[in-house]
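Just so we're aligned, residue 2 is where the sequence shown starts under this note's numbering, counting upward by one.
Just so it is clear, CB atoms sit at the ideal spot from N, CA and C, and this is done for glycine as well.
Note that this is a predicted model, so its numbers are computed, not measured.
Working notes for the structure below.
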Amino acid sequence: MEAIFGIIGIEVKSLPECLAAMRRTLGDEGNVDTASGCGWAIGAQRLDTGLDGGTGLAWNEGTTVCGVLVGGLFGTKVLTGELRRKGHSFTGAIQSELLVHLWEDYGRELINNVNGLFTAAIWETDAQRLTLLLDWIGGIHHMYYAPLDNGIAFASEIRSLLAAKTWRGGMNDQALYQYLDFGHILPPDTLFKGIYKLPPGCALSYENGKIAVQRIFKLRFESGTGNNWAERFQEIFQQAITQRLQGGKEVGAFLSGGIDSSFNVATISALQESPVKTFSIAYPQEDFDESQYARLVANHCHTEHHELTLDSAEVLNDLPEMIWALEEPTMDYSFIPTFHLARFAKEHVDVVISGDGPDHLLGRHYPVAFARMVLSKIPGLSACAGLLLTNNHESVAGRLWRRLRRGKRGRFLWKSLQSVAVDPLQAYLSIYREIAYRNLLPRSPAALLSKGIGDDWPNDVPVVEPHNIEGDESEFNRIVALDLAIDGAFGVFAKIGKMAAHHSLIVREPYLDLDICNYLSQLPPQLKVRGSVLDFLSGTARTKYILYEAAKDVVPPEVLNKPKQGFQAPIGAWLGDWIGDRDARALFPALTQKAGLLDEGFVNSILREHQSGQCDHGTLIMMLITLDLWYGIFVEGDGERPTWTWRDWLAQ
């Protein structure tokens, strides 16, 4: 797999040993480059994607700047031409050398001047200064760091920091509260006490024993002028696809059957003569299966289509390996089909195009947040909603809500009432907190924890609004910026990035092209989400309108007009086969028997409701399962790649 790693300030005699240990956790696939000097060592393991021969480390001409990089930089022909005219020379490792020379010209502002998804480290020998960089969006790539007594260790994978013995062990309690309350762990925290993560679009410098983090990139929203928005979007998107097809390697594509991946495939097919290899997931359960739409697009675009059917709960048996690859637990259980799809695609290609980004860039949550803001202005509604939603599951209201939430509009109404708020930040955050609260009402997520631990639950779990926006800070744009910075960077994008990296599969995201982001930031909201106030309140507003307009001539209408489903899995049915009559101690052995974290009585009541079909607690149970396995692998275990399955874990 691809990764960068390094350590500054440790005793010289320990550097080679530490660097070798950090690299060993990454597997054997990839070319390794390292460099070291007095009190510093950095390295990179990079796959050969055709962009630069798999070289991830480079020096400047005077050997005063050393840089390591993983990820992809695009539009490099223009950049290298400009740099050559300025006197820089290239020996062949274009990507990593480009990083070093861009650093010499721009410094940390290179984040704003290069188009690509990457994570990088720069060591300046004269200044004895380390700088860590993460691209504008994050998620596909990461940067973690651990302050030491007299230095700092860093890596794009947490396991490298664990291997260097920089982690003293223990779980970050504040991050645990954030995870259970919100479903995500946001920077600078990780669930590993003493290990931190760099926010997207930021640079970290380490000099004279001090760490400083600075935001470099901000989403700038400004009103653009002109017509033919869809045609211009098509042109920029085609350029993004063209750049991601370069490198000499065969490039495949994920095809879910939704508009995002379908427009990807249609554009690729128009740009190359040979059929593109496409990969999709199928389920026997009709409520989750979109394979018919994927096949429809594959036939329409004449692709070489490959379909993987997940028809058994045995797909959960690989959960320990999945959690080890994720490195932190997540509420988004679509990492399960993503893991299997990435492994399946790797059997055929080394590089894939994925369709992530439009949901977040085009304001997918604005209709819900808008509905909450409108409803909150109705006198007495907040108090009335509170009374309605705090009834227990056995009450008339509780049974009514369970029935209503089975349908799309019922779920939308539930989300809208669940946390009405005038402030768009709170309206947005409540969308994610609803994941946990809908299963725990009338009790908060603190009820999951055992006495003492639950009693220490903070009154307000900190979730700080990211400062990643400037220009037009309207409610709509704030929600877009929040969604990209929270669920994008540490939810959807992290899921695909981690699962692809685990299988040494290079994933390229054309929708996350910086030129596309800058273009979409100029669009008025009505070109992103369209509908009347009634449409917004009823959940029927058309989202991703600009994409719909751009794709309507190349994507089958059946795909364009079908309801959005998302890349989900029949987790409730799968869990039913595994849970059986297991109680909390049997299903969550690390959290109960070893850590004593859970209130077993309350958790058992949740399991009984799920087992009886009284309420679908699949999301909540998966949150606890991933946390349990994380604790067993990283806290109770040695952090090594599991050689055991989930069935082995439950049988111990």
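Taking every protein chain shown into account, the CB of serine 97 has 16 or more other CB atoms within 10 angstroms, so this residue is buried. For isoleucine 517, same chain residues with a beta-carbon under 7 Å away, outside a window of 5 residues either side, are Ile237, Phe238 and Ala241 in chain order. An exposed status is given to isoleucine 379, since fewer than 16 other beta-carbon atoms sit within 10 Å of its beta-carbon. For the pair of segments examined, the region 494–501 was found to touch the region 339–346: the number of CB pairs separated by less than 8 Å reaches three. If you draw a straight line from the Cα of serine 257 to the Cα of tryptophan 647, it comes to about 27 Å.
DSSP places threonine 243 within a helical segment (H, G or I) once states are collapsed to three. Straight through space, the alpha carbons of glycine 57 and serine 157 are spaced by roughly 13 Å.
Bounds of the beta strand (DSSP E) holding tryptophan 124 are 116–125. Per the C-alpha coordinates, the member of Leu111, Asn151, Ala314 and Asn318 positioned closest to leucine 133 is Leu111. Rounded to whole angstroms, glutamine 293 and alanine 482 show a C-alpha spacing of 34 Å. With a threshold of 16 other beta carbon atoms within 10 Å, glutamate 3 meets it and is buried.
Residue pairing for tryptophan 325: DSSP places it in no beta bridge. When the beta-carbon positions are compared, leucine 363 and lysine 529 come within less than 7 Å of each other. In the structure shown, the three-state DSSP call for cysteine 39 is coil. Methionine 172 has Phe193 as its beta-bridge partners, per DSSP.
DSSP places lysine 529 outside both helix and strand once states are collapsed to three, so it counts as coil. Every alpha helix (DSSP H) of 4 residues or more that sits fully in the region 349–380 is shown, in chain order, as 359–362 and 367–377.
Spanning the alpha carbons of arginine 169 and aspartate 484 requires a straight line of approximately 33 Å. For the 7 Å CB-CB criterion, leucine 131 and tyrosine 207 form a contact. Here threonine 304 is not bridged, per DSSP, to any residue.
CA-CA distance, leucine 272 to isoleucine 95, rounds to 25 Å. Threonine 339 carries a helical assignment under DSSP once its states are collapsed to helix, strand and coil.
For valine 79, the uninterrupted alpha helix (DSSP H) run begins and ends at 77–86, by DSSP. When rounded, the separation of the alpha-carbon atoms in arginine 47 and arginine 221 is 32 Å.
Going by DSSP, lysine 211 is part of the beta strand (DSSP E) stretching over 211–216. For lysine 496, the uninterrupted alpha helix (DSSP H) run begins and ends at 494–503, by DSSP.
In the three-state reduction of the DSSP assignment, valine 266 falls in the helix class, which pools H, G and I. One thing to note: glycine 259 has its Cβ no nearer than 7 Å to the Cβ of glycine 152.
Linking arginine 479 to glycine 63 through their CA atoms gives a straight-line distance of about 44 Å. Of the residues Asn209, Pro189 and Thr620, the one whose Cα lies closest to the Cα of cysteine 203 is Pro189.
Each residue's CA atom was taken as its position, placing proline 558 and phenylalanine 264 some 12 Å apart. Around the C-beta of threonine 226, fewer than 16 other C-beta atoms lie within 10 Å, and the residue is accordingly described as exposed.
Looking at Asn519, Ala542, Ala490 and Pro330, the one whose alpha-carbon comes closest to that of alanine 370 is Ala542.
One Cα belongs to glycine 356, the other to cysteine 39, and the distance between them is close to 44 Å. For cysteine 203, no alpha helix (DSSP H) encloses it; the enclosing beta strand (DSSP E) starts and ends at 203–208. Shown here, alanine 4 sits in a strand according to DSSP, grouped into three states.
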